[in-house]
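Comments concern the structure below.
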Amino acid sequence: METRYATNPTDFKMYDGERIRNDFLVENLFVQGELNMVYSHYDRLITGGAVPTDKPLKLEDKETLKTEYFLERREVGFINISENAGKVTVDGESYDLNKRDCLYVGKGNKEVTVESVDASKPARFYIVSALAHTNYPTKKLAIEEATPTHLGSDAESNNRTIYKYIHGDGIQSCQLMMGMTLLAPNNMWNTMPPHVHDRRMEAYLYFDMDEESRVFHFMGKPDDTRHIVVKNEQVVLSPPWSIHSGVGTNNYTFIWAMAGENYTFDDMDHVKMEELK
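Start counting the sequence shown at 52; every next residue gets the next number (our numbering).
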């Protein structure tokens, strides 16, 4: 598992583009036959990607976590971002995940594996894990069962649908919050005007993009913004003090995941457009 350390906004002012990408962009999570993870010192969030082929992949990294098993002190969410069917097995019980289905697994489950239904057509699992203080039940939520929230408009180029999976009014967890936003065709902007939430960090996975598409992800303090150019299936780690907004060369989908102090989706400090620089 790779480790990413935290920084502060004063030091961030001195970073060039390469340093920003090295600290905040996760580029190669999804590799066939592998489970790859990144441990962030922002709220101890772990992001991962698993692409199982001929055998199941086990969720584990004892060397990094120094625990007997992965979920000894953690909880985790899985979303299948592939058209290909996959399966997550939790202490002997299996859950089928089609594209955009979500599974939450709580603290205390000892053996968790992911596999593809057809090894020649591997599923692609996005994985996010946060620290946990108690156990909540393992629960699956298919995208067809999730309640959509429609926001934005074509006139603002931000017509989008939000699906909340793991949150206060959905799948219960200790602190992990997880959901997905789909932009309609010909819409490119998300979360503009932006906001910050100094009580928790956020991670963005951008996907459903073709090879030539890019998202320009904006970050930094509202009065001193920077950007990262993001390709398909790459993750941006967003510090609590940073805005997190993006615009694409065409429409895209992204998964947002948060962890930190507060467990309220609406806990955010909005930024006025005139404050942005």
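The C-beta atom is built at its ideal place from N, Cα and C for all residues, glycine as well.
Just so we're clear, the structure is a prediction, and the values are computed from it rather than from any experiment.
Output the distance between the C-alpha atoms of residue 119 and residue 211, rounded to the nearest integer angstrom. 42 Å
Run the CB neighbour count on residue 145, radius 10 Å, all protein chains shown included, and call it buried at 16 or more, exposed below. exposed
Could you pull out every unbroken beta strand (DSSP E) segment of at least 3 residues lying fully inside the stretch 118-201, listed in chain order? 125-131, 137-141, 144-148, 153-156, 163-167, 176-182, 190-192
Considering residue 115, what are the terminal residues of the alpha helix (DSSP H) in which it resides? 113-116
Terminal residues of the continuous beta strand (DSSP E) containing residue 81? Segment: none, residue 81 is in no beta strand (DSSP E) and carries neither H nor E.
In angstroms with no decimal places, state the Cα-to-Cα distance between residue 207 and residue 275. 24 Å
Simplified DSSP state of residue 326, which is helix, strand or coil: helix
Integer Cβ distance of residue 234 from residue 302, believed to fall under 8 Å: 4 Å
Where does the unbroken beta strand (DSSP E) through residue 211 begin, and where does it stop? 211-217
If you count every other CB in all the chains shown that lies within 10 Å of the CB of residue 242, and 16 or more means buried, which is it? buried
For residue 317, count the other beta carbons within 10 Å of its own beta carbon; 16 or more makes it buried, fewer makes it exposed. Which is it? exposed
C-alpha distance - residue 319 paired with residue 291, whole-angstrom precision: 10 Å
Spatial neighbours of residue 22 in its chain, beta-carbon cut-off 6 Å, leaving aside the 5 residues before and after: Nothing can be reported for residue 22, as the shown portion of the chain is limited to 52 through 328.
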